[in-house]
Amino acid sequence: AQTVTQSQPEMSVQEAETVTLSCTYDTSESDYYLFWYKQPPSRQMILVIRQEAYKQQNATENRFSVNFQKAAKSFSLKISDSQLGDAAMYFCAYRSAEVGSGGSNYKLTFGKGTLLTVNP
Amino acid sequence: SAVISQKPSRDICQRGTSLTIQCQVDSQVTMMFWYRQQPGQSLTLIATANQGSEATYESGFVIDKFPISRPNLTFSTLTVSNMSPEDSSIYLCSVAALRMEAQYFGPGTRLTVT
């Protein structure tokens, strides 16, 4: 079974600074997807960024970028120019790329989350 | 992406009663999922709901406690039966489609059982 580990329960950053959130995972599969979701106090889960394992290039979405190290099974999220609205719980998630029966392989396995505080 | 709504957004229920949570999406999707998020915790998958077949439950979750319906490609319900205070959680539905890499989540239902 796949596992996802986020070793930082809490992180803080000054507004306009850069912060990196860590995520490691364990899998025996060669093809999969990795995601970062954000959950603000409103509790809505918002997709921040995704990465396909077979793509060498690190994904980027505006101020959000990842450092994907497949051999090390590491998937960190970098937030540049942090804003007050970035304050939230951030979850790293894994999904198999194989299409299992009944959609079972589409399920997401989540880490425990990192609570990010942005200080003005 | 997809626009997903859930009803109710929150509820306070008495021990021993049942609550049905609805999930509606604005486009046809292949798969719908139900997650539970206990206070201060991460998300745990309860079951995968597919149209026209029984839901597939994860270890630790059973149909008698969490019956699920999926009558069409845009709607699903999750019932939390015979509730106890341990069922107090946020329940989230999510959707995915073939060739859709990510899952998209509804706003969640905050359930408190007294």
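Listed in order, the protein sequences are those of chains G and A. Each residue of the first sequence is one higher than the last, beginning at 992 in this note's numbering. Each residue of the second sequence is one higher than the last, beginning at 609 in this note's numbering. Glycine residues also receive a C-beta, built at the ideal position from the N, C-alpha and C atoms.
Pairwise C-alpha distance: residue j and residue i
| i | j | result |
| --- | --- | --- |
| G:Asp-1022 | G:Arg-1086 | 9 Å |
| A:Ile-676 | A:Met-639 | 13 Å |
| G:Thr-1015 | G:Lys-1064 | 6 Å |
| A:Ala-705 | G:Lys-1098 | 12 Å |
| G:Glu-1008 | A:Leu-700 | 32 Å |
| A:Ser-626 | A:Asp-619 | 11 Å |
| A:Gln-614 | A:Ile-629 | 7 Å |
| A:Cys-621 | G:Ser-1019 | 43 Å |
| A:Thr-720 | G:Arg-1034 | 15 Å |
| G:Lys-1061 | A:Leu-651 | 24 Å |
| G:Ser-1003 | G:Tyr-1045 | 32 Å |
| A:Gln-646 | A:Tyr-665 | 18 Å |
| G:Val-1039 | G:Trp-1027 | 5 Å |
| G:Ser-1056 | G:Asn-1049 | 7 Å |
| A:Leu-653 | G:Arg-1054 | 30 Å |
Nearest residue (CA-CA) to residue i, options the options
| i | options | result |
| --- | --- | --- |
| G:Asp-1077 | G:Thr-1018, G:Pro-1000, G:Asn-1049, G:Lys-1029 | G:Lys-1029 |
| G:Ile-1037 | A:Leu-686, A:Val-670, A:Ser-702 | A:Ser-702 |
| G:Ser-1012 | G:Ser-1019, G:Glu-1020, G:Pro-1000, G:Glu-1006 | Checking the sequence shown, residue 1012 of chain G turns out to be Leu, not Ser. It is G:Pro-1000. |
| A:Gln-636 | A:Asn-680, A:Tyr-712, A:Pro-715 | A:Asn-680 |
| G:Glu-1052 | G:Ala-1084, G:Leu-1068, G:Val-1109, G:Gln-1035 | G:Leu-1068 |
| A:Leu-686 | A:Thr-625, A:Phe-641, A:Arg-618, A:Ile-612 | A:Phe-641 |
| G:Lys-1103 | A:Thr-722, A:Phe-713, A:Gly-648 | A:Gly-648 |
| G:Ala-1114 | G:Ala-1088, G:Gln-1048, G:Thr-1105, G:Ile-1040 | Chain G is shown only over 992 to 1111; residue 1114 of chain G falls outside these bounds and no answer can be derived. |
| A:Gln-632 | A:Asn-690, A:Ser-692, A:Pro-616 | A:Pro-616 |
| A:Asp-634 | A:Thr-682, A:Asn-690, A:Val-688, A:Ser-667 | A:Thr-682 |
Residue environment, residue i, which counts as buried when at least 16 other CB atoms sit within 10 Å
| i | result |
| --- | --- |
| A:Ala-657 | buried |
| A:Ile-671 | exposed |
| G:Asp-1017 | exposed |
| A:Asp-695 | buried |
| G:Leu-1075 | exposed |
| G:Ala-992 | exposed |
| A:Arg-678 | buried |
| G:Thr-994 | exposed |
| G:Gln-1042 | buried |
| A:Ser-697 | buried |
| A:Val-611 | exposed |
Which residues DSSP lists as bridging residue i, in chain order
| i | result |
| --- | --- |
| G:Gln-1042 | G:Leu-1025 |
| G:Leu-1068 | G:Leu-1012, G:Val-1057 |
| G:Tyr-1081 | G:Lys-1029, G:Thr-1105 |
| A:Arg-718 | A:Arg-618, A:Ile-698 |
| G:Thr-1051 | G:Ser-1056 |
| A:Gln-751 | Since the first and last residues shown for chain A are 609 and 722, residue 751 of chain A lies out of range. |
| G:Val-995 | G:Tyr-1016 |
Quick one: which residues of the region 630 to 647 of chain A get their C-beta closer than 7 Å to a C-beta of chain G? List them in chain order. Those residues of the region 630 to 647 of chain A that come within reach of chain G (Cβ to Cβ, closer than 7 Å) are Thr-638, Met-639, Phe-641.
What residues in the region 1005 to 1024 of chain G bring their beta carbon closer than 9 Å to a beta carbon of chain A? The region 1005 to 1024 of chain G vs chain A, Cβ under 9 Å: Tyr-1024.
Interface residues of the region 1050 to 1069 of chain G facing chain A [CB-CB below 8 Å]: Listed by position along the chain: nothing, the set is empty.
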